[in-house]
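2 protein chains.
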Amino acid sequence: MEKDASNMRSQCPMNCALEFFGDKWSLLIVRDLLFFHVRSFGQLLKMDEGISTGTLSSRISMLLQRGIISRNDCLDDKRAIEYRLSDKGRELEPVLVEMILWVAEHEMTDLPPKAVANLKQARSLSRAAAVATDAQQPADRN
Amino acid sequence: MEKDASNMRSQCPMNCALEFFGDKWSLLIVRDLLFFHVRSFGQLLKMDEGISTGTLSSRISMLLQRGIISRNDCLDDKRAIEYRLSDKGRELEPVLVEMILWVAEHEMTDLPPKAVANLKQARSLSRAAAVATDAQQPADRN
DNA sequence: GAATATAACTCTAATAAGTAAAGCGAAAAA
DNA sequence: TTTTTCGCTTTACTTATTAGAGTTATATTC
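So the sequence lines, in the order shown, correspond to chains A and B. Under the working numbering, the first sequence has 91 at position 91, and the numbering climbs by one with no breaks. Under the working numbering, the second sequence has 44 at position 44, and the numbering climbs by one with no breaks.
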């Protein structure tokens with residue numbers, strides 16, 4: 001049984017975000033789809049953190065329902081299903097990147113310093129581009 | 001009973017982040033401390049989402065233990081305890097901002113468009129500053 | 001100074017979430 | 001034809017989270 005806007009705890013955007021993916025698994029699935037080019041149920045099941053079939057199944061349903069991933073049949077193997085991030089899902093990348101950078105700054109992880117530097121640089125560049133875009137379209141146009 | 005690095009599911013930074021604050025409440029507490037200048041247990045208890053005393057108490061313990069918030073006695077009222085974000089906690093701001101912007105883009109919330117524009121602008125400016133900093137200190141210095 | 005209120009909790013019982021293991025139907029490989 | 005793979009679902013169980021009542025200490029009001 002899933003939540004919709006009507007039984008959310010509040011309409012605060014932070015709360016809304018947490019109701020979408022504020023659990024221990026959803027963003028790991030997004031991570032695998034986004035950074036590790038994982039595409040199938042079976043591959044997701046093999047993630048290091050050890051997700052169970054039941055949990056994976058329910059998280060996939062939720063992510064589908066929320067439009068964060070898509071589900072497609074494979075042409076070459078009719079058993080196989082391919083999962084992909086939607087545009088909406090792919091746009092979670094900045095969220096993941098900020099989380100990763102925060103952890104890299106404050107805790108021990110297995111992420112090499114080089115990778116941290118690359119993420120930082122990518123972030124800076126994308127924001128620099130955003131500054132340019134904002135200059136064209138004034139920020140308070142809505 | 002709390003987790004430490006030794007019984008984490010993996011050392012992946014994304015997973016590490018989720019073990020730190022991948023639940024439905026921790027970042028709401030950070031939100032209140034960061035954006036709404038909330039300082040006490042009682043005020044936190046009044047958040048719109050309706051956190052219970054037990055949950056709030058356990059989340060505060062965890063955030064303290066992780067060094068995300070600090071706990072201080074008040075001089076004027078000896079019952080009162082003041083909670084504040086540490087530097088480490090304050091540095092979660094970009095994470096929250098990206099989450100809020102994602103939601104503002106993709107879902108209905110109560111956030112006024114003006115506020116979204118302000119957040120975007122603040123993000124762009126801070127990143128522009130980061131670009132300048134990176135130019136001084138090469139990104140792969142570690 | 002007695003009663004009431006407030007702050008910051010702790011405890012407990014109930015509910016929700018997550019898990020491992022087995023099983024299933026369809027498709028592919030041996 | 002038998003076995004394996006794929007993407008699940010189901011079940012029985014364990015663990016985590018939660019709401020709400022209760023507690024202690026301090027402060028305020030009458």
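The beta carbon of each residue, even a glycine, is placed where N, CA and C say it ideally should be. Note that the coordinates shown come from a computational prediction; the quantities given were computed from them, not determined experimentally.
Distance CB(residue i)-CB(residue j) smaller than 7 Å
{"i": "I100(A)", "j": "P13(B)", "result": "yes"}
{"i": "A104(A)", "j": "L111(A)", "result": "yes"}
{"i": "K24(A)", "j": "G22(B)", "result": "yes"}
{"i": "Q11(A)", "j": "T109(B)", "result": "yes"}
{"i": "D32(B)", "j": "M47(B)", "result": "yes"}
{"i": "E98(B)", "j": "E82(A)", "result": "no"}
Neighbour flag for residue i against chain B, beta carbons, 7 Å
{"i": "H37(A)", "result": "no"}
Closer than 7 Å at the beta carbon, the chain A residues around residue i
{"i": "D110(B)", "result": "Q11 and C12"}
{"i": "L44(B)", "result": "Those do not exist, as L44(B) stays about 14 Å from chain A at its closest Cβ, beyond 7 Å."}
Nearest-angstrom Cβ-Cβ length linking residue i and residue j, presumed shorter than 8 Å
{"i": "E107(B)", "j": "N15(A)", "result": "Not confirmed; about 11 Å, so no contact."}
{"i": "R84(A)", "j": "R39(A)", "result": "7 Å"}
{"i": "S26(B)", "j": "L63(B)", "result": "6 Å"}
{"i": "F41(A)", "j": "L56(A)", "result": "7 Å"}
{"i": "L45(B)", "j": "I29(B)", "result": "Incorrect: roughly 11 Å between the Cβ atoms, too far for contact."}
{"i": "L34(A)", "j": "L96(A)", "result": "7 Å"}
{"i": "S86(B)", "j": "S70(B)", "result": "5 Å"}
Residue i: contacting residues in chain A (beta-carbon distance under 8 Å)
{"i": "L96(B)", "result": "M14"}
Chain A within 7 Å of residue i, Cβ atoms only
{"i": "R31(B)", "result": "yes"}
{"i": "L18(B)", "result": "yes"}
{"i": "D87(B)", "result": "no"}
{"i": "I100(B)", "result": "yes"}
9 Å Cβ cut-off: residues of chain A touching residue i
{"i": "D23(B)", "result": "L18, G22, D23 and K24"}
{"i": "L56(B)", "result": "Ordered by position in chain A, no residue passes the 9 Å Cβ test against L56(B), which lies about 14 Å from the chain."}
Contacts of residue i in chain B (Cβ-Cβ under 7 Å)
{"i": "G50(A)", "result": "R9"}
{"i": "L63(A)", "result": "The premise fails here: L63(A) is roughly 13 Å from chain B at the closest Cβ pair, so nothing lies under 7 Å."}
Where the beta strand (DSSP E) containing residue i begins and where it ends
{"i": "N72(A)", "result": "I69 to D73"}
{"i": "I51(B)", "result": "Careful: I51(B) lies outside any beta strand (DSSP E) and carries neither H nor E."}
{"i": "E82(A)", "result": "I81 to L85"}
Neighbour list for residue i in chain B, Cβ cutoff strictly below 8 Å
{"i": "E91(A)", "result": "W102, E105 and H106"}
Endpoints, the alpha helix (DSSP H) within which residue i is located
{"i": "W25(B)", "result": "Taken as a continuous stretch (DSSP letters only), W25(B) belongs to no alpha helix (DSSP H), as it is neither H nor E."}
{"i": "V95(A)", "result": "E93 to H106"}
{"i": "F41(A)", "result": "F41 to L45"}
Within chain B, partners of residue i - CB distance below 9 Å
{"i": "L75(A)", "result": "Correct list: empty, because the minimum Cβ distance to chain B is about 30 Å."}
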